[in-house]
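Here the structure is laid out as structure tokens; the discussion comes afterwards.
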Amino acid sequence: MWECDYAREPVNYRLFFLKLLKKIWILPLAAVIGAVVIGGVYYVINMVIGDGYQYRARTIYYVKYAANADGEEADYYNYYTWQELLDTDYFVDGMYEAMEGTLSKEYIIANVTATLEADYRYLYSQSISGDKQQSIAMEKKLSEIIVNFADIRDEIESIEVVDVADELSIEDVSLIYVGHSAVVGAIAGFIVAILGFIVCECVDTSIYLPATLEKRYHIPALGAPSMKEFEVNCKDILSDKQTAVINLGGLDDEEIKAAFGSNADIEVCANPIEKSEEIKIIKAKNCVVLAVKAGAHNGKRIERVIEQLARQGVKPTAFVLMKEDKWLIRKYYK
């Protein structure tokens, strides 16, 4: 019984790369789709669903602490102290009134903060908003409140603004990189397209070259109608013989007859798997040719027909590859 082991079939790298070259347009298209999809999802999550771009305005103060009875400054004001102070009613209500109620108190608590760095005498306040001008406005109002805070605290002698918030010092703290995500999406789309092409090639049983028919099924191939050797092969193999050409599917009978010309004594038969009565016609001929449509994912169909013919005691004489890709064949044999 005829047998074909696809797992042991060697990879035809030349054919593989020619097919990839023919479909090379898929790679940039996949990259564009990947960029749009991943970049679009990233944009929606961060800009539509999320808070969008966030801008931080920052002000630096110099805090002069009053000395106690021992002549020491009140240096117990640390990061946590200032942060807790900014959440008190003095600052929250003051900001709420200064912004004329345009910001909620919850928003003020969440987006107005203070911190200390190396020197505890230098205080840093910051206001974050989705609008640059609003961030600057918030920070300017906050600086007024912080400076006035020294008037109600005995342990603080004065608070001076060292560096005022302005548009030049505004910072984008949103960490939203739509462009980067689009690039990542493009790379991912490109890689997925390559892997998809490889997977498709691994499972594709289609025939693109007459040589593949010979190597896979161990039956001679007449070639393809566009090949120069096709006519010569037909004369040598089919001359003076009554030939049954089996249409394995996807082909027009008249097209098959036209490919062989008027010199060959042929009769086109349907697939015996689909029409079992065709076996009688096929057996009555002394030459059997299988007409295969190129690139039709029909490897298993060919296999099944050969098996069925073997059960009926019919051995195919040759193959003919129809509707071939002329460019692919020309480049492959160039």
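Residue numbers for the sequence shown follow this note's numbering, beginning at 1352 and rising by one. For every residue, glycine included, the Cβ atom is placed at its ideal position computed from N, Cα and C.
Boundaries (first-last residue) of the beta strand (DSSP E) holding residue i
{"i": "D1514", "result": "1507-1514"}
{"i": "E1618", "result": "1617-1620"}
{"i": "L1641", "result": "1638-1644"}
{"i": "S1478", "result": "1473-1480"}
Between the CA atoms of residue j and residue i - distance to the nearest angstrom
{"i": "E1552", "j": "T1563", "result": "14 Å"}
{"i": "F1548", "j": "S1557", "result": "14 Å"}
{"i": "K1585", "j": "E1618", "result": "According to the sequence displayed, residue 1585 carries Cys and not Lys. Near 14 Å, if we compare the C-alpha coordinates of E1618 and C1585."}
{"i": "H1569", "j": "I1624", "result": "21 Å"}
{"i": "N1419", "j": "G1403", "result": "48 Å"}
{"i": "S1455", "j": "T1464", "result": "15 Å"}
{"i": "V1395", "j": "D1470", "result": "42 Å"}
{"i": "I1632", "j": "F1367", "result": "38 Å"}
{"i": "I1479", "j": "V1362", "result": "60 Å"}
{"i": "I1411", "j": "E1495", "result": "12 Å"}
{"i": "G1390", "j": "Y1475", "result": "35 Å"}
{"i": "K1415", "j": "V1512", "result": "11 Å"}
{"i": "A1575", "j": "I1377", "result": "27 Å"}
{"i": "E1451", "j": "E1457", "result": "15 Å"}
{"i": "T1466", "j": "Y1431", "result": "8 Å"}
{"i": "E1522", "j": "Y1393", "result": "21 Å"}
{"i": "I1460", "j": "T1439", "result": "9 Å"}
Status (buried if at least 16 other CB within 10 Å, exposed otherwise) for residue i
{"i": "V1639", "result": "buried"}
{"i": "K1579", "result": "exposed"}
{"i": "A1537", "result": "buried"}
{"i": "I1510", "result": "buried"}
{"i": "I1607", "result": "buried"}
{"i": "P1667", "result": "buried"}
{"i": "K1651", "result": "exposed"}
{"i": "W1433", "result": "buried"}
{"i": "I1487", "result": "buried"}
{"i": "Q1477", "result": "buried"}
{"i": "K1492", "result": "buried"}
{"i": "L1589", "result": "buried"}
{"i": "D1514", "result": "exposed"}
Range of the contiguous alpha helix (DSSP H) that encloses residue i
{"i": "V1554", "result": "1529-1554"}
{"i": "Q1663", "result": "No alpha helix (DSSP H) holds Q1663; DSSP gives it neither H nor E."}
{"i": "A1647", "result": "Segment: none, A1647 is in no alpha helix (DSSP H) and carries neither H nor E."}
{"i": "A1669", "result": "Segment 1669-1673 is the beta strand (DSSP E) holding A1669; no alpha helix (DSSP H) there."}
{"i": "K1685", "result": "Here K1685 belongs to no alpha helix (DSSP H), and DSSP marks it neither H nor E."}
{"i": "G1445", "result": "1440-1449"}
{"i": "D1587", "result": "1580-1589"}
{"i": "K1631", "result": "1629-1635"}
Residues near residue i in its chain [Cβ-Cβ closer than 6 Å; skip 5 each side]
{"i": "A1572", "result": "P1561, L1564, E1565, F1670"}
{"i": "G1445", "result": "I1496"}
{"i": "R1407", "result": "Q1477, I1479, E1522, V1524"}
Cβ-based neighbour list, residue i, same chain, cut-off 7 Å, excluding 5 preceding and 5 following
{"i": "K1677", "result": "S1577"}
{"i": "G1348", "result": "The structure shown does not extend to residue 1348, since the chain is modelled only from 1352 to 1685, so the question has no answer here."}
{"i": "A1382", "result": "A1537, G1540, F1541"}
{"i": "V1554", "result": "none"}
{"i": "Q1593", "result": "D1616, K1636, N1637, C1638"}
Own chain partners of residue i with C-beta closer than 8 Å, once the 5 adjacent residues on each side are dropped
{"i": "L1369", "result": "L1679, K1682, Y1683"}
{"i": "V1643", "result": "I1558, L1564, L1599, N1649, I1653, F1670, V1671, L1672, M1673"}
{"i": "M1352", "result": "Reliability of the predicted coordinates at M1352 is poor, the pLDDT of 47 falling under 50, and no value is obtained from them."}
{"i": "K1374", "result": "F1548"}
{"i": "V1656", "result": "I1597, L1599, N1622, P1623, I1624, L1641"}
{"i": "E1468", "result": "Y1475"}
{"i": "L1602", "result": "A1642, K1644, M1673, K1674"}
For residue i, three-class secondary structure by DSSP
{"i": "R1407", "result": "strand"}
{"i": "A1465", "result": "strand"}
{"i": "V1524", "result": "coil"}
{"i": "A1609", "result": "helix"}
{"i": "I1597", "result": "strand"}
{"i": "A1382", "result": "helix"}
{"i": "Y1568", "result": "helix"}
{"i": "Y1431", "result": "helix"}
{"i": "V1362", "result": "coil"}
{"i": "K1491", "result": "helix"}
{"i": "A1418", "result": "strand"}
{"i": "Y1412", "result": "strand"}
{"i": "T1453", "result": "coil"}
{"i": "W1678", "result": "helix"}
{"i": "R1655", "result": "helix"}
{"i": "L1573", "result": "coil"}
Neighbour flag for residue i against chain D, beta carbons, 9 Å
{"i": "K1415", "result": "No chain D is part of this structure, which consists of one protein chain only."}
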